[in-house]
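Report on the structure given below.
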Amino acid sequence: MEYLVNEKNAGIILEISDNIHQNEKYLSELDGAAGDGDHGVNMNKGFSLAKERIQTNMSFSEGLNILRKVLMEEIGGSMGPIYGTLFTKIYRTIKRENIITAELFLSALHNAVTGLMDLGGAKVGDKTLLDTLCPATEAFKKALENGNSFTECLTAMSVAAIKGKESTKLMVAKVGRASRLGERSRGHIDAGAASCCVILTSMADAIQEVMVLD
Numbered sequence: 001m002e003y004l005v006n007e008k009n010a011g012i013i014l015e016i017s018d019n020i021h022q023n024e025k026y027l028s029e030l031d032g033a034a035g036d037g038d039h040g041v042n043m044n045k046g047f048s049l050a051k052e053r054i055q056t057n058m059s060f061s062e063g064l065n066i067l068r069k070v071l072m073e074e075i076g077g078s079m080g081p082i083y084g085t086l087f088t089k090i091y092r093t094i095k096r097e098n099i100i101t102a103e104l105f106l107s108a109l110h111n112a113v114t115g116l117m118d119l120g121g122a123k124v125g126d127k128t129l130l131d132t133l134c135p136a137t138e139a140f141k142k143a144l145e146n147g148n149s150f151t152e153c154l155t156a157m158s159v160a161a162i163k164g165k166e167s168t169k170l171m172v173a174k175v176g177r178a179s180r181l182g183e184r185s186r187g188h189i190d191a192g193a194a195s196c197c198v199i200l201t202s203m204a205d206a207i208q209e210v211m212v213l214d
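For the sequence shown, full-length UniProt numbering gives the first residue as 1, with consecutive numbering after it.
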C-alpha cells in the first residue's frame, strides 16, 4: 500500500509555493484578460508569506494550517478567502492523521469542492477554479475505484487538472468580475483555474516524491 506520512512533510507546501512564484507573471497575464491583472501577484504574495513561516521539519498539516491562515487573513481580494477555504478543508480532513491514504486524500479533495461550492455558489462550467478542481477530483476518484495506486491516482488528477484548466478557454464566465464581460470572456483561460492547476499538479508531484510504499 502507498501512503503519505504527515510528519515532516511541510516541504510539499514549499514546493507548491515555488511553483506559484514561477508562474506569477503567467497568472497575472491571464487575469489581465478579464480582471485587474493582479492574480499572480496576490497568489505569490500569499504563498511567499507562508513559505517564510514554514519550516521543513513541520508536518504537511502544519504547513497547510500556516498557508490557510495567511490566505484567509492577510491576502485581499476574492482569491484569499477562496484558496483559504480550499486549504482549510484539506487541512481539517487530514490534521489528526499521520498516515494519509489515497482514500483520505480523496475525502480532502471532496471536502474542498463542497466548501468552495458553498462559499461562492459557483459550479462546473462557470469558468472558475472549480473547472480544474472538480474534474481533477473525479479523475482521482475513478482511478482509485479502478484499483490504481495512490501515485497513479495523483497522476490521473494532474492530467485532469490540466484538461480542466484548458477547458475554461471556451467558456463564458458566469460568476465574478469576469462575468461582466459576457461573451468577451470566451477565448481566455481563467486565471483561477490556472492557479488551481499549478497547485494540484505541484502537490501531486511533491507527494509522489515522498510517497511511502509498504
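Glycine is no exception: its CB is placed at the ideal position from the N, C-alpha and C atoms. Nothing here was measured: the structure is a model prediction, and the numbers come from that model.
Check                                                                                                                                                                                            : Outcome
Would you mind sorting MET157 into buried or exposed? The rule is 16 or more other CB atoms within 10 Å of its CB.                                                                               : buried
Between GLU24, PHE105, GLY125 and HIS21, which lies nearest to LEU170 when the distance is taken from Cα to Cα?                                                                                  : GLY125
May I ask which residues mark the beginning and end of the alpha helix (DSSP H) holding LEU130?                                                                                                  : 130-145
Could you tell me which uninterrupted alpha helix (DSSP H) segments, each at least 4 residues in length, are contained entirely in the stretch 12-48, listed from first to last along the chain? : 24-32
Please report the residue range of the beta strand (DSSP E) in which LEU170 lies.                                                                                                                : Careful: LEU170 lies outside any beta strand (DSSP E) and carries neither H nor E.
Would you give the residue range spanned by the beta strand (DSSP E) that VAL5 belongs to?                                                                                                       : 2-5
Using 8 Å for Cβ pairs, my map puts ASP38 next to SER28. What's the rounded Cβ distance?                                                                                                         : 6 Å
Quick check: the Cα distance between GLY32 and SER195, rounded to an integer number of angstroms?                                                                                                : 14 Å
Taking just the CA atoms, how far does GLY147 sit from LEU154?                                                                                                                                   : 13 Å
When DSSP labels each residue in this structure, what does VAL212 get in the three-state scheme?                                                                                                 : strand
For VAL172, which of GLY187, ALA160, LYS45 and GLY164 has the nearest alpha-carbon?                                                                                                              : GLY187
Please report the straight-line C-alpha distance between GLN22 and ARG92, rounded to a whole angstrom.                                                                                           : 28 Å
Using only the alpha-carbon positions, how far apart do THR201 and PHE140 sit?                                                                                                                   : 12 Å
Roughly how many whole angstroms lie between the Cα atoms of THR101 and MET72?                                                                                                                   : 27 Å
If we count the other Cβ atoms within 10 Å of its Cβ and call it buried at 16 or more, is MET1 buried or exposed?                                                                                : exposed
Which same chain residues end up closer than 7 Å to SER61 when comparing Cβ atoms and leaving out the 5 residues on each side of it in sequence?                                                 : ASN6, TYR91, ILE94 and LYS95
Quick check on GLU24: buried or exposed, where buried means 16 or more other Cβ atoms within 10 Å of its Cβ?                                                                                     : buried
In the DSSP output, which residue or residues are listed as bridge partners for ILE90?                                                                                                           : Paired residue(s): none; ILE90 is not in a bridge.
Starting from VAL113, trace the alpha helix (DSSP H) both ways and give me its first and last residue.                                                                                           : 102-120
For PHE86, is the classification buried or exposed, using 16 other Cβ atoms within 10 angstroms of its Cβ as the cut-off for buried?                                                             : According to the sequence displayed, residue 86 carries Leu and not Phe. Looking at its Cβ environment, which holds 16 or more other Cβ atoms inside 10 Å, LEU86 is buried.
If the criterion is Cβ atoms closer than 8 Å, does the pair ILE99 and TYR3 meet it?                                                                                                              : yes
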